[in-house]
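There are 2 protein chains.
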Amino acid sequence: MTLPSIAAPYLIYLGDTPVAELAKTGAGLAFWRPERCLAQLREPGCAADLGLPDMDLAQAAAAGAKTLVIGTAAPGGQLPPHWAKRIVEAMEAGLDIASGLHVPLRSNPDLAATADRTGRQLHDVRLSGGPFPIGNGLPRSGRRLLMVGTDCAVGKKYSALAIHRELQDRKVPATFRATGQTGVLIDGHGIAVDAIVADFLAGAVEQLTPAAAADHWDVVEGQGALIHPAYAGVSLGLLHGAQPEAFVVCHEAGRTELSGFPGHKTASIGEIIELTTILSRRVAPNIRCAGICINTARLPEAEALAVLAEAEAEHGLPATDPVRFGVAKLVDHLLA
Amino acid sequence: MTLPSIAAPYLIYLGDTPVAELAKTGAGLAFWRPERCLAQLREPGCAADLGLPDMDLAQAAAAGAKTLVIGTAAPGGQLPPHWAKRIVEAMEAGLDIASGLHVPLRSNPDLAATADRTGRQLHDVRLSGGPFPIGNGLPRSGRRLLMVGTDCAVGKKYSALAIHRELQDRKVPATFRATGQTGVLIDGHGIAVDAIVADFLAGAVEQLTPAAAADHWDVVEGQGALIHPAYAGVSLGLLHGAQPEAFVVCHEAGRTELSGFPGHKTASIGEIIELTTILSRRVAPNIRCAGICINTARLPEAEALAVLAEAEAEHGLPATDPVRFGVAKLVDHLLA
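Note that the protein sequences, when read in sequence, are chains A and B. Sequential numbering of the first sequence, starting at 10, is according to this note's numbering. Sequential numbering of the second sequence, starting at 10, is according to this note's numbering.
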């Protein structure tokens, strides 16, 4: 099967989100894929601004917008009725809809009926799509790099996008492979692997990262952590399906407890290198750690640099904060 | 939530299965849960015989049967029309229906309509049920033993059922916990964990094996293998969710390649002990291997005994073929 793609350019819907920080998805889109973002649509009272032109539905449709992407979290995870009304109007104006909200668009009867009537597509990127094949674990061509973490939410998506951009800047053929809902919205393509039935997870990742030219890199977003009490199975299925020749460990400086899982310590970087290497023996026996990405946002610059220097000394690998210091030296090492 | 239970006693439906070996589910039911099996129902030409009394639907209903369990694989995985007709009649006679077939009962419009009209339940044990919570990985009371394998289909279910029976014979409080469709049909309770959305797998297993009395054993059926290219994520989620204090490695003598996965070697027993121990560090830091179960059906008895003796010498643990030699010494070691 072909994975569905979300048609660009996008009109990013920010609703009347009362807190700018809730518009993280929209901000990620505007930062990583500006060429896919035509404009933003905001309701009165919206606190967010992505720096894109403001357009209403008619203007955006006339300017060629193909999809209204919901670029902000909804209060309580639900879809407010006045947002749903605007989404109906967007379909009537000729736009598809893409959403990473917890509540599926199609569960709203008005949206489902309008989609059926207008023929527009509803992309719920938290739903997995499929059907997917069972994994086969056989070797395939192409180069693959996977982000792995010491916890959830430590910067795996950001690191993958930054490395992908750096490879493209160096004219190295590369594709970003989204494995979570925000990544799928940003890239317009991918699979939210945590929503897949467990038996098909590795097979879905094999399909997401297919055989490619020998010099082509798939840069694969990571999920969870191999030590995570709830999500380790997802992380392992992703590792086996991706068959990466290299991985990058992502970590947040100073985090000692798993986010949202009180009583569980985060993994050390060394522990994740060890587990990733051991668990790759069968499908990627020559796997190597290409470097370390550490989120140092909470530290002053001098301390951040000290943390990175310490990690480099301990592991003998390049360590960087991709937001602060870029990923050039990590990509140097990857390609060396 | 409470996990659904399949009401006993059962009338086991064998259809007109042309090959007795296809009736493995029915045979497992009659062997492991004879007290739940009232009778069998066979169509003309059926090659299987479970040694149960033959009854038609009226006789079985009058004798108190509560559920018609489909005890055989269907040709090509589909439901033959004359079987579907019999299932409709069973609901009209007052019986629920339970099935582990690939095709869901409810996908057949006649069966769905009859269930809605009669109020009978359709148990499709390959569907996961739910919703399930996210795992929390916190310690809980009770003792838990998990089967782990060097491959799929090496005897994990049989080993778990045999150990559970041995514990019960010794008056040790114990519950068998089914994690696959056949196990769920046999026990009337459980979760087919491979059908669960990956994010919820560990949480579902936590729910399946809840906190219990300090001296109570949950004997948990295993799935897949930690080295399996398609299913390792399922195995790891199951391990983390179960938090076992002990595990039994299940293996088939002489198997060198993963079943159905050409080009992939099976794991060694030692490799599975190592991986299970390493991957339990966080949720079950004191985990120990309680013994080894080896399927030696293809070997003459002298060779089988030699294989078991070799495994005992290599690992310093009791090794048995549960079918041939029982699990007494393994349970001795478990309880020592």
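From the three backbone atoms N, C-alpha and C, an ideal C-beta is built for every residue, glycine too.
Worksheet item: Is the beta carbon of A:Cys302 sitting closer than 8 Å to the one on A:Ser150?
Response: Counted from its first residue, the first sequence places residue 302 of chain A at position 293. Counted from its first residue, the first sequence places residue 150 of chain A at position 141. Not a contact, by the Cβ cut-off of 8 Å.
Item to complete: Look up A:Ala171 in the DSSP assignment and say whether it is helix, strand or coil.
Response: Residue numbering aside, residue 171 of chain A sits at position 162 when the first sequence is read from its first letter. In this structure, A:Ala171 counts as helix in the three-state DSSP scheme.
Worksheet item: According to DSSP, is B:Ser268 helix, strand or coil?
Response: For the purposes of this step, residue 268 of chain B is identified with residue 259 of the second sequence, where counting begins at 1. Secondary structure at B:Ser268: coil, using DSSP grouped into helix, strand and coil.
Fill in: Residues within the region 229-257 of chain A neighbouring chain B, beta-carbon criterion of under 7 Å
Ile236, Pro238, Ala239, Tyr240, Ala241, Gly242, Val243, Leu245, Gly246 and His249
Item to complete: Would you kindly check if the distance between the Cβ of A:Ala70 and the Cβ of A:Ala36 is under 8 Å?
Response: The residue labelled residue 36 of chain A in the question sits at position 27 within the first sequence. The residue labelled residue 70 of chain A in the question sits at position 61 within the first sequence. A:Ala36 places its beta carbon 8 Å or farther from that of A:Ala70.
Item to complete: Inspect the CB distances between the region 209-225 of chain B and the region 221-233 of chain A and report whether three or more fall short of 8 Å.
Response: The region 209-225 of chain B is not in contact with the region 221-233 of chain A.
Worksheet item: Is the CB of B:Leu131 under 8 Å away from at least one CB in chain A?
Response: Start at 1 with the first residue of the second sequence, and residue 131 of chain B comes out as number 122. By this cut-off, B:Leu131 is not an interface position.
Worksheet item: When the Cα of B:Leu155 is compared with those of B:Gly73, B:Ile296 and B:Ala17, which residue comes out closest?
Response: Counting from 1 along the second sequence, the entry for residue 155 of chain B is found at position 146. Per the Cα distances, B:Ile296.
Worksheet entry | Candidates B:Ala311, B:Pro294, B:Val163 and B:Val181: closest to B:Ile278 by CA position | Position 269 of the second sequence, counted from the start, is the residue given in the question as residue 278 of chain B. Closest option to B:Ile278, Cα to Cα, is B:Val163.
Discussion item. Please list, in chain order, the chain B residues whose beta carbon lies closer than 8 Å to that of A:Asp208.
Written reply: On the first sequence, residue 208 of chain A is found 199 positions in, with the first residue counted as 1. Chain B residues near A:Asp208: Asp203, Ala204, Ala239, Tyr240 and Val243.
Fill in: Beta-bridge pairing of A:Lys274 - partner residues as DSSP gives them
Along the first sequence, one-based indexing puts residue 274 of chain A at 265. Beta-bridge pairing links A:Lys274 to A:Glu266.
Discussion item. Distance cutoff 8 Å, beta carbons only. Does A:Arg291 sit that close to anything in chain B?
Written reply: Walking along the first sequence from the start, residue 291 of chain A turns up at place 282. A:Arg291 has a beta carbon lying within less than 8 Å of a beta carbon in chain B.
Practice prompt. Verify the CB distance criterion: does A:Ala211 have a CB-CB separation below 8 Å to chain B?
Written response: For the purposes of this step, residue 211 of chain A is taken as the residue at position 202 of the first sequence. For A:Ala211, the answer is yes, since a Cβ of chain B falls inside 8 Å of its Cβ.
Item to complete: Would you verify that the beta carbon of A:His273 is, or is not, closer than 8 Å to some beta carbon of chain B?
Response: Here residue 273 of chain A refers to the residue found at position 264 of the first sequence. Using beta-carbon distances, A:His273 counts as an interface residue toward chain B, with a partner under 8 Å.
Worksheet entry | Among A:Ile106, A:His342, A:Thr159 and A:Glu98, nearest to A:Glu266 - alpha-carbon criterion | Here residue 266 of chain A corresponds to residue number 257 of the first sequence, with the count starting at 1. Looking at the Cα atoms, A:Thr159 is the closest of the given residues.
Worksheet item: Between A:Leu136 and chain B, is there a C-beta pair that is closer than 8 Å?
Response: Residue 136 of chain A sits at position 127 when you count from the first residue of the first sequence. Against chain B, the CB of A:Leu136 has no partner CB under 8 Å away; the residue lies outside that interface.
Discussion item. Please tell me whether B:Ile205 and B:Phe141 are closer than 8 Å, where the distance is taken between their beta carbons.
Written reply: For the purposes of this step, residue 205 of chain B is taken as the residue at position 196 of the second sequence. For the purposes of this step, residue 141 of chain B is taken as the residue at position 132 of the second sequence. Contact: yes.
Fill in: Where the region 137-154 of chain B meets chain A: residues whose CB sits under 7 Å from a CB there
So the close ones are Ile143, Gly144, Asn145, Gly146 and Leu147.
Fill in: B:Thr275 versus B:Pro148, B:Ile236 and B:His91, residue with shortest Cα-Cα distance
Counted from its first residue, the second sequence places residue 275 of chain B at position 266. Nearest C-alpha to B:Thr275: B:Ile236.
Worksheet entry | With 16 other Cβ atoms within 10 Å as the buried cut-off, status of B:Lys75 | Locating residue 75 of chain B in the second sequence gives position 66, where the first residue counts as 1. Buried.
Worksheet entry | Beta-carbon spacing of A:Gly231, A:Val157 below 8 Å | Residue numbering aside, residue 231 of chain A sits at position 222 when the first sequence is read from its first letter. Residue numbering aside, residue 157 of chain A sits at position 148 when the first sequence is read from its first letter. Yes, they are a contact pair.
Discussion item. Is A:Phe270 close to chain B? Criterion is C-beta to C-beta, closer than 8 Å.
Written reply: Indexing the first sequence from 1 puts residue 270 of chain A at position 261. Output row for A:Phe270: interface = yes.
Worksheet item: Since A:Ile296 meets chain B, which of its residues come closer than 8 Å, beta carbon to beta carbon?
Response: Locating residue 296 of chain A in the first sequence gives position 287, where the first residue counts as 1. Under the 8 Å cutoff, chain B gives no residues; its nearest Cβ is about 14 Å from A:Ile296.
Discussion item. Could you tell me the alpha carbon to alpha carbon distance between A:Glu44 and A:Leu131, rounded to whole angstroms?
Written reply: Stepping through the first sequence from its first residue, residue 44 of chain A is reached at position 35. Stepping through the first sequence from its first residue, residue 131 of chain A is reached at position 122. About 22 Å.
Worksheet entry | Proximal residues to A:Cys46 (C-beta, below 7 Å), its chain only, five neighbours per side dropped | Translated into positions along the first sequence, residue 46 of chain A becomes position 37. Here the set comprises Pro18, Tyr19, Ile21, Leu38, Ala39 and Leu61.
Worksheet entry | Whether A:Leu88 touches A:Arg51 by CB criterion (8 Å) | Locating residue 88 of chain A in the first sequence gives position 79, where the first residue counts as 1. Locating residue 51 of chain A in the first sequence gives position 42, where the first residue counts as 1. Cβ atoms of A:Leu88 and A:Arg51: not closer than 8 Å.
Worksheet item: Who are the near neighbours of A:Gly146 in its chain, counting only those whose CB is closer than 6 Å to its CB and skipping five residues on each side?
Response: Position 137 of the first sequence, counting from 1, holds the residue named residue 146 of chain A. Answer for A:Gly146: Val292, listed in chain order.
Practice prompt. Work out the CA separation of A:Ile106 and A:Ile79 for me, nearest whole Å.
Written response: Here residue 79 of chain A refers to the residue found at position 70 of the first sequence. Here residue 106 of chain A refers to the residue found at position 97 of the first sequence. A:Ile79 and A:Ile106 have their C-alpha atoms some 8 Å from each other.
Fill in: Whole alpha helix (DSSP H) elements within the region 49-115 of chain A, 4-residue minimum
66-71 and 90-101
Worksheet item: Taking the alpha helix (DSSP H) that B:Ser317 falls in, what are its first and last residues?
Response: In the second sequence, residue 317 of chain B corresponds to position 308, counting from 1. First, the residue type needs correcting, since residue 317 of chain B is Leu and not Ser in the sequence shown. Segment Glu310 to His324, the alpha helix (DSSP H) holding B:Leu317.
Discussion item. I'd like to know whether the C-beta of A:Ile287 is nearer than 8 Å to at least one C-beta of chain B.
Written reply: Taking the first sequence and counting its residues from 1, one reaches residue 287 of chain A at position 278. Answer yes: the Cβ-Cβ gap between A:Ile287 and chain B drops below 8 Å somewhere.
Worksheet entry | Span separating the alpha-carbon of B:Ala121 from that of B:Thr127 | Residue mapping note: residue 121 of chain B aligns to position 112 of the second sequence, counting from 1. Residue mapping note: residue 127 of chain B aligns to position 118 of the second sequence, counting from 1. Those two C-alpha atoms are separated by around 10 Å.
Item to complete: Tell me B:Val157's beta-bridge partners as DSSP assigns them.
Response: The residue labelled residue 157 of chain B in the question sits at position 148 within the second sequence. Partner(s): B:Val258.
Worksheet item: Run through DSSP, which three-state label would A:His225 get?
Response: Within the first sequence, numbered from 1, the residue matching residue 225 of chain A stands at position 216. Three-state DSSP puts A:His225 in coil, outside helix and strand.
Discussion item. Just checking: is the beta-carbon of A:Pro142 within a distance shorter than 8 Å of some beta-carbon in chain E?
Written reply: Among the protein chains of the structure shown, namely A and B, there is no chain E.
Worksheet entry | Beta-carbon proximity check, B:Ala99 vs B:Leu114, cutoff 8 Å | Counting from 1 along the second sequence, the entry for residue 99 of chain B is found at position 90. Counting from 1 along the second sequence, the entry for residue 114 of chain B is found at position 105. Cβ distance not < 8 Å, so B:Ala99 and B:Leu114 don't count as in contact.
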